[in-house]
Structures are given as C-alpha cells and as structure tokens.
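Below is one structure, written out as structure tokens; the observations come after it.
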Amino acid sequence: MSLVLEAKHIDKYFKKPVLFHVLKDLNFTIKKGEFASIMGKSGSGKSTLLYILSTMDTDYEGKLYLDGALVTGKPNKQLSRIRNEHIGFVFQFHYLLSEFSVLENVMLPAKKLAVKTVAEIEHDAMEKLRMLNIDQLAKKRASRISGGEKQRVAIARALINNPSILMGDEPTGNLDSHNAENVFQIFKQLKDEQGLSLLVVTHDMDFAQRTDRIIQMEDGRIVAQ
Amino acid sequence: MINWKVILGIAKTHLVTKMKSTITASLGVTFGIGAYITLVSFMTGLNKMLDDLVLNQTPHIHLYNEIEPSEDQPIALYEEFEEAWNVVHSIKPKQSQKKIHNALPILKYLKDDDQVKGATPQLRAQIFYLSGSIELGGNLVGVDILEEVRMSNIQDYIVEGTPEALKNNDNGILLGAGLADKTSLNVGDRIQISTVKGDIFPLKIVGIYQSGIADIDNVQSFANLKTVQRILGEAESHITDINVKLNDIEAAGPMSKRLERQFNVKAIDINEANAQFETGSNIRNLITYSVSITLLIVAGFGIYNILNMLIYEKMKDIAILKATGFSGTDVQLIFMSQAMIIGAIGGVFGLLVGYILSRLIDNVAFETEALPTISTYPIEYNTMYYIIGISFALLSTFIAGYLPSRKAKRIDPVKIIRGT
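Line by line, the protein sequences give chains H and G.
Under my numbering, think of the first position of the first sequence as 7, with each following residue one higher.
Under my numbering, think of the first position of the second sequence as 243, with each following residue one higher.
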C-alpha cells in the first residue's frame with residue numbers, strides 16, 4: 007500500500023518564552039485509505055505535530071513527505087499550493103468565513119486552485135453539500151447556521167479539491183454527542199466509499215477507538231501506534 | 243499565479259458587508275481630494291486674477307529712454323588721470339530727450355520680427371487736469387488704441403465707452419475712473435487739460451478707464467497718439483515708449499538685452515519688472531499645496547486606521563484563507579485591493595465634489611471696485627489638478643493599505659487557529 011504521508015525524524019522546539027523541546031524525533035507514516043487518530047494529553051504536542059504535517063508550520067527539523075514528495079524546505083507559495091490541492095483541513099471551531107454564503111465558503115479553495123470553471127466548481131460544491139445532507143443550506147450566510155452544520159460545511163470545504171488527505175484538529179471537540187457521531191460517520195463513509203486518508207487529532211476516546219489506528223503521544227514522543 | 247477574480251470577489255464581499263467602514267474610509271478620501279480640488283482651483287484662479295491684474299498691463303518688453311547719468315564721466319577719458327582715484331561730486335543726468343531716438347524705424351523693425359506679436363508706440367505726457375481752479379497732476383498716455391486692444395486687454399478695463407469711440411474722435415480722452423470721480427465728470431462731458439508748458443486744451447470724454455489699481459486710475463488717462471503729439475506740439479516721430487508683445491513670453495529676457503544693445507535704449511522685460519510679483523505667486527502656490535497635501539495625508543491616515551481595524555477583525559478569516567491554500571501574497575492583495583477600491587471610489591467622488599464646489603464658488607457674486615473685469619469669484623479649471631488629485635488619492639491609499647496588508651501577509655495562521 008502506498009504512503010500518503012511520511013514523517014522522518016521530526017523535531018520541534020518552542021523558542022518562546024523559554025526553549026522547549028516539543029516534538030522529539032517523531033517517525034510515522036499514514037497509508038493511503040487509512041483512518042488514523044492522534045491521541046494524547048494536553049501539551050503532548052499532538053496539535054503541534056498536526057500543524058507541521060499540514061505544512062502551515064515550517065519551523066521544524068526533520069523531513070516530511072506528502073504523496074512521496076518532499077515538502078520540507080519548499081517556499082511558502084508552493085506550500086500554499088500544496089495545502090490547497092492536497093490537504094483538507096477541519097478545525098475544532100468551524101472557522102468559516104462568516105460573511106460569505108455556505109456555498110461560497112465551500113467553493114473558495116477550488117476557485118483559488120482555478121483548475122475548473124466556476125460552473126463546475128459550483129456543481130462539485132453542491133454535490134459535496136448533498137453528500138453531507140446540507141445542500142438546503144447552500145444559499146444561507148455561514149454565520150446563520152448551527153454549530154453542527156458549520157462543521158459539516160467545513161468538511162465539505164475540506165473535500166472540494168479532492169485532497170489526498172483530510173486532517174482534523176479536534177473536529178468533534180466543540181460538538182454535542184449527536185453531531186460528533188454524525189461527523190464520525192461522515193469520516194468513516196469518506197474512507198470506506200472514497201478511500202480517503204484521514205488523520206484526526208482528538209481527545210475523544212470513543213472516537214479514536216473506532217479509527218483504524220491510534221497514534222498515542224506523550225511528552226512529544228509517540229508511545230504507541 | 244494570482245487569481246484576481248477570487249481575490250477581488252473576497253475584497254468586494256469584505257467591503258460590502260462592512261459598508262459603514264467602507265463609506266467612512268471613502269469619505270475621508272472624498273473630502274481630502276474634494277478639498278484639494280476646490281482649494282487649488284480657487285487659489286490658482288485667484289492667483290491668476292491677481293497676476294493678470296498686473297501682468298496684463300505690463301508689456302513683455304518695454305522700451306524707453308532712461309534719464310540717467312553717463313557711465314563714463316569726462317575725467318575718465320583723460321589719459322593723465324587714468325591711474326588716479328577720481329572723485330566727481332554732484333553728478334547730473336546726461337543731457338538727453340525723453341523720446342526714443344529713431345522710434346519709427348525701431349517700430350518697423352520690431353513689427354517685421356517673427357518673434358514679435360506686436361509693438362505699440364506710446365507717448366507719455368505730464369499734464370494737469372483742470373477742474374475749475376483746481377489742477378490735478380497726472381499723465382496722459384497717447385496710444386494707438388486699436389493696436390492696444392489687439393495686444394493688451396485694455397478693452398477689459400474700459401468700463402464705459404468703447405475703444406472705437408476714442409479712435410473716431412481726435413479730441414477724445416479715456417479718463418481714469420478716479421479722476422472721473424474727483425471731477426464729477428462722465429462720458430460725453432468735456433475736460434480741460436493743461437500741459438507743463440501751460441497750454442490748455444479741451445478734450446471730450448469718450449470713455450472711462452478703470453484698471454483696478456487706484457494709483458493708476460487717479461492719475462492716468464488715454465488719448466490717441468496723434469492727439470497727445472499735437473497737444474505737446476511734437477512731431478509724429480515723438481514716441482517715449484514702445485511696448486512689445488512676443489509670441490513666446492520666455493524669449494522676453496534675451497530679446498530685451500539684444501534690443502537694449504542694438505538700439506541704445508533702456509529695455510525692461512516682464513520678468514525683471516515683476517520679479518517680486520512672481521515671488522508672491524510662488525508663495526501662494528506653496529501654501530495651497532501644503533494645505534492640500536496635509537488634507538490628503540489626513541485622509542490617508544483614516545484609511546490606514548480603518549484597514550488596520552479591518553485586519554484585526556478578520557484575523558480568523560486570514561488564518562482560514564491561509565489554511566485552505568491562499569498564499570500570503572494572495573491575502574495581501576485582498577487587503578491592498580480593498581484599499582485601492584476605497585481610494586478609487588473616494589477619489590472619483592472627491593473629484594466630483596471638488597468640481598461641484600468649484601462650480602458653486604465660480605457662481606458666487608464677487609463684485610469689487612478694484613476689479614472691473616470680475617463679477618464672480620475666480621476659479622481656474624485645469625485637468626491637471628484632477629489628474630494630480632486622483633493620482634494622489636490612489637497613491638495615498640496604496641501607501642495606507644500597504645502597511646496593514648503586509649501585516650496580514652505575515653500573520654501566522656497556526657497562531658490564530660490555536661489561539662495562542
């Protein structure tokens with residue numbers, strides 16, 4: 007099975023307020039179509055790791071490969087392009103652009119990528135929304151919908167460019183159990199039906215145990231995977 | 243690759259949803275540019291009016307015979323005292339006439355010159371205006387009135403009567419407005435003048451001349467050149483002044499120097515005659531521009547503030563845009579284009595406001611004794627001011643937008659998303 011993500015000897019230091027070794031020589035891989043979760047206590051470095059993997063944080067040592075290609079050390083412009091094209095991201099707090107409609111929020115990354123025409127993008131976006139059962143919200147302002155709906159919109163946005171991997175930073179952390187279950191089912195479905203690779207940081211033991219693999223972190227090290 | 247459609251779409255949404263700040267920021271630019279246009283149009287209009295007031299009555303080159311002492315006193319020619327330190331007391335002006343020697347050939351020469359638009363002869367005479375037993379001292383200037391009309395704006399200053407009326411009347415006089423008031427005379431009346439020698443002539447008032455400068459209007463009148471020559475009992479070639487108007491005013495300096503050497507007369511060019519006037523105009527322009535620039539800088543700070551606030555408000559949006567694949571440059575362009583849109587809209591409205599205000603001022607009545615040709619406040623309409631205005635609007639918003647947008651470019655999305 008081919009690898010979507012490979013991390014080699016990742017080291018990370020926080021320099022402020024005092025020098026602190028957050029991540030200590032991490033090595034792991036995510037296979038194609040794998041649904042992995044990262045667990046660990048607060049301060050174990052799991053979110054920090056995720057932001058490095060997402061290419062947003064470039065201040066680390068070690069090497070990171072995405073789809074077999076080295077991304078470490080690339081200029082910011084290219085990293086933006088990689089995020090846009092290959093990585094979908096879902097945050098704990100929905101993080102939609104509140105002034106735009108739901109549909110526009112979903113379309114934005116694809117418009118940035120500018121591979122398809124606007125009509126095609128709109129069609130794709132509607133399809134993603136329909137898949138997540140929120141197509142009736144398409145024309146609503148993003149600030150006017152409920153929290154669970156927002157998270158689903160965020161997932162639709164993360165999927166719009168058909169990324170290689172979907173990353174989540176506590177995507178269910180801010181949702182009630184019903185909505186959290188909903189999000190999990192969506193992820194599961196994406197993995198099963200579309201073979202999407204997922205990597206999710208979570209606190210939720212229930213959630214993690216139902217994923218293919220748990221990467222357990224403690225004090226900046228992987229203790230079990 | 244920069245996707246302008248997406249960037250402008252986001253910028254537009256930000257501006258439309260934050261209508262209030264957008265309008266406030268645009269109004270800042272509008273007022274700045276509007277005030278600049280109004281001020282600069284009004285001030286330059288005023289400057290031009292004041293310049294014209296003096297410059298219209300100043301020929302480009304004025305030729306006359308200066309009464310002055312000889313450069314070389316006789317002793318300087320005496321070889322024996324060549325090495326000596328000579329002291330001459332009580333020097334007198336050189337014995338010479340006030341008239342220009344060979345005036346008619348000079349006139350003909352000037353009229354044939356390509357650079358010269360026209361040359362008019364004048365004869366200035368010291369006279370007294372008689373009103374009963376009162377004698378008022380003054381000048382009578384003999385002119386070729388139709389040539390003067392062609393060369394200078396004399397007709398603008400003839401407040402009653404016409405230049406033609408003078409031309410058609412051998413004994414006509416265009417009386418200075420101040421003199422007309424003092425002697426309580428009007429067009430159609432007769433006035434007696436007396437020459438320095440004591441000869442008395444009656445002249446018919448065919449018009450009133452008002453330059454707006456009281457010192458002139460109180461003493462100076464115009465008559466036909468021939469009339470004045472006759473009054474003085476002089477020949478047709480007796481001319482004291484020649485006024486030259488050139489096609490290109492810039493040529494006045496060198497040409498006056500050339501004429502001075504060539505004809506052995508005194509020649510004063512317009513720049514020399516109005517040097518102090520130029521200084522005044524320059525300083526007024528300086529004031530206009532410094533006030534305008536201050537206004538525009540204030541407007542620029544307004545934009546800077548509003549964009550700064552907007553960026554703080556949009557911190558999360560910026561982070562999310564970056565997380566979903568927008569580069570720092572994209573984000574910077576989003577905010578830059580917002581600034582530029584504000585600048586362009588505010589600037590265009592500013593030009594409009596400026597134009598409307600100028601129009602209003604242009605129509606406000608402004609009548610004063612001193613300025614017979616002016617009935618409303620003067621405004622100078624010049625496309626250049628509008629070009630400068632819009633350019634400055636765009637430039638200042640560019641600078642005001644650049645600094646905050648650079649900050650937006652550098653925002654680290656991880657910090658915002660993690661809330662640290």
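Every residue gets a Cβ at the ideal spot worked out from N, C-alpha and C, and that includes glycine.
Check your understanding: Which residues share a DSSP beta bridge with glutamine 364 of chain G?
Key -> Indexing the second sequence from 1 puts residue 364 of chain G at position 122. BP columns for glutamine 364 of chain G point to G:Val385, G:Asp483.
Practice item. Drop a sphere of 10 angstroms on the beta-carbon of leucine 602 of chain G, count the other beta-carbons inside from all chains shown, and report buried for 16 or more, exposed for fewer. Key: Sequence index remark: in the second sequence, residue 602 of chain G carries index 360 (1-based). Flag for leucine 602 of chain G reads exposed.
Exercise for review: Mind reading off the beta-carbon distance from glycine 360 of chain G to glutamate 389 of chain G? Whole number of angstroms is fine, and I expect it under 8 Å.
Suggested key: Sequence index remark: in the second sequence, residue 360 of chain G carries index 118 (1-based). Sequence index remark: in the second sequence, residue 389 of chain G carries index 147 (1-based). Contact flag correct, Cβ pair sits at about 6 Å.
Practice item. Identify which residue in G:Tyr628, G:Met557, G:Ile653 has its Cα closest to the Cα of threonine 280 of chain G. Key: Looking up residue 280 of chain G in the second sequence gives position 38. Among G:Tyr628, G:Met557, G:Ile653, the Cα nearest to that of threonine 280 of chain G belongs to G:Tyr628.
**Study point:** Pick from G:Ser569, G:Ile584, G:Leu288 that is closest to isoleucine 653 of chain G, judged by C-alpha positions
**Key:** One-based indexing of the second sequence puts residue 653 of chain G at position 411. The shortest C-alpha separation from isoleucine 653 of chain G is found at G:Ser569.
Review point. Between the C-alpha atoms of glutamate 622 of chain G and phenylalanine 284 of chain G, what's the straight-line distance to the nearest angstrom?
Key: Residue mapping note: residue 622 of chain G aligns to position 380 of the second sequence, counting from 1. Residue mapping note: residue 284 of chain G aligns to position 42 of the second sequence, counting from 1. CA-to-CA, the gap between glutamate 622 of chain G and phenylalanine 284 of chain G works out to about 6 Å.
Exercise for review: Report, in whole angstroms, the separation of the C-beta atoms of asparagine 167 of chain H and leucine 119 of chain H, which I expect to be a contact under 8 Å.
Suggested key: Counting from 1 along the first sequence, the entry for residue 167 of chain H is found at position 161. Counting from 1 along the first sequence, the entry for residue 119 of chain H is found at position 113. Contact flag correct, Cβ pair sits at about 6 Å.
Exercise for review: Just list the alpha helix (DSSP H) runs in the stretch 320 to 368 of chain G, keeping only unbroken ones of 4 residues or longer that don't cross its boundaries, in chain order.
Suggested key: Listed in chain order, the alpha helix (DSSP H) elements of length 4 or more contained wholly in the stretch 320 to 368 of chain G are 345 to 354.
Review point. When you compare only the Cα positions, how much space is there between threonine 201 of chain H and glycine 592 of chain G?
Key: Position 195 of the first sequence holds residue 201 of chain H. Position 350 of the second sequence holds residue 592 of chain G. The residue asked about is misnamed: residue 201 of chain H is glycine in this sequence, not threonine. In this model, glycine 201 of chain H and glycine 592 of chain G are separated by some 58 Å (Cα to Cα).
Practice item. Report yes if the C-beta of asparagine 381 of chain G is less than 7 Å from at least one heavy atom of the ligand FAD; otherwise report no. Key: What this structure holds is no ligand at all, so the ligand FAD is not there to describe.
Practice item. Keeping to the same chain, check which residues put their C-beta closer than 7 Å to that of leucine 467 of chain G; ignore five residues upstream and five downstream. Key: To locate residue 467 of chain G, count along the second sequence from 1; it is residue 225. If you ignore the 5 residues before and after leucine 467 of chain G, its C-beta comes within less than 7 Å of the C-beta of Pro363, Leu365, Gly384, Val385, Asp386, all in its own chain and listed in chain order.
Practice item. May I have the straight-line CA-CA distance separating isoleucine 127 of chain H from valine 207 of chain H, to the nearest angstrom? Key: To locate residue 127 of chain H, count along the first sequence from 1; it is residue 121. To locate residue 207 of chain H, count along the first sequence from 1; it is residue 201. Rounded to the nearest whole angstrom, the C-alpha separation of isoleucine 127 of chain H and valine 207 of chain H is 29 Å.
Point to revise | Best match in G:Asn395, G:Leu372, G:Leu297 for proximity to glutamate 520 of chain G [C-alpha to C-alpha] | key: The residue labelled residue 520 of chain G in the question sits at position 278 within the second sequence. Comparing Cα positions, the closest option is G:Leu297.
Practice item. Would you be able to state if there are at least three C-beta pairs under 8 Å between the stretch 642 to 660 of chain G and the stretch 557 to 564 of chain G? Key: Put simply, the stretch 557 to 564 of chain G touches the stretch 642 to 660 of chain G. At least three CB pairs are less than 8 Å apart.
Point to revise | Cβ separation of arginine 163 of chain H and proline 115 of chain H, assumed to be a contact under 8 Å, to the nearest whole Å | key: Reading the first sequence from its first residue, position 157 is the one you call residue 163 of chain H. Reading the first sequence from its first residue, position 109 is the one you call residue 115 of chain H. Going by Cβ atoms, the distance from arginine 163 of chain H to proline 115 of chain H rounds to 6 Å, so yes, they are a contact pair.
Check your understanding: Do threonine 566 of chain G and asparagine 90 of chain H have their C-beta atoms within less than 8 Å of each other?
Key -> What you label residue 566 of chain G is simply residue 324 of the second sequence in a count that begins at 1. What you label residue 90 of chain H is simply residue 84 of the first sequence in a count that begins at 1. Closer than 8 Å, so yes.
Check your understanding: What residues in its chain sit with their C-beta under 6 Å from that of glycine 226 of chain H, if we drop five residues either side in the sequence?
Key -> Translated into positions along the first sequence, residue 226 of chain H becomes position 220. Once the five neighbours on either side are set aside, the close Cβ partners of glycine 226 of chain H are Val28, Leu29, Lys30, Gly51.
Check your understanding: In this structure, does DSSP put methionine 62 of chain H in helix, strand or coil?
Key -> What you label residue 62 of chain H is simply residue 56 of the first sequence in a count that begins at 1. Methionine 62 of chain H: coil per DSSP, three-state reduction.
Point to revise | Reference leucine 382 of chain G; option with closest CA among G:Ala419, G:Ile415, G:Thr255 | key: Position 140 of the second sequence, counted from the start, is the residue given in the question as residue 382 of chain G. Comparing C-alpha distances from leucine 382 of chain G to each of G:Ala419, G:Ile415, G:Thr255 shows the shortest one belongs to G:Ile415.
Check your understanding: Is the beta carbon of isoleucine 161 of chain H less than 8 Å from the beta carbon of leucine 205 of chain H?
Key -> Walking along the first sequence from the start, residue 161 of chain H turns up at place 155. Walking along the first sequence from the start, residue 205 of chain H turns up at place 199. Cβ distance not < 8 Å, so isoleucine 161 of chain H and leucine 205 of chain H don't count as in contact.
Review point. Nearest to phenylalanine 95 of chain H by CA position, among H:Arg219, H:Asp198, H:Lys22, H:Phe193, is which residue?
Key: What you label residue 95 of chain H is simply residue 89 of the first sequence in a count that begins at 1. Among H:Arg219, H:Asp198, H:Lys22, H:Phe193, the Cα nearest to that of phenylalanine 95 of chain H is on H:Phe193.
Exercise for review: Could you say which of G:Ile458, G:Ile630, G:Asp431, G:Thr425 lies nearest to tyrosine 399 of chain G if we only look at CA atoms?
Suggested key: Within the second sequence, the letter at position 157 stands for residue 399 of chain G. Minimum Cα-Cα distance from tyrosine 399 of chain G among the listed residues G:Ile458, G:Ile630, G:Asp431, G:Thr425 corresponds to G:Ile458.
Practice item. Name the residue from G:Ala477, G:Ser312, G:Leu288, G:Thr300 whose alpha carbon lies nearest to the alpha carbon of serine 332 of chain G. Key: In the second sequence, counting from the first residue as 1, residue 332 of chain G sits at position 90. Of the candidates G:Ala477, G:Ser312, G:Leu288, G:Thr300, the one whose C-alpha sits nearest the C-alpha of serine 332 of chain G is G:Ser312.
**Study point:** Reference threonine 35 of chain H, options H:Ser53, H:Lys22, H:Tyr71, H:Glu133, closest by Cα
**Key:** Here residue 35 of chain H refers to the residue found at position 29 of the first sequence. It is H:Tyr71 whose Cα lies nearest to the Cα of threonine 35 of chain H.
Check your understanding: Along the chain, where does the alpha helix (DSSP H) that runs through tyrosine 546 of chain G open and close?
Key -> In the second sequence, counting from the first residue as 1, residue 546 of chain G sits at position 304. Start and end: 517 to 555.
Point to revise | Cβ of methionine 62 of chain H within 8 Å of any chain G Cβ | key: Residue mapping note: residue 62 of chain H aligns to position 56 of the first sequence, counting from 1. Among the CB atoms of chain G, one or more fall inside 8 Å of the CB of methionine 62 of chain H.
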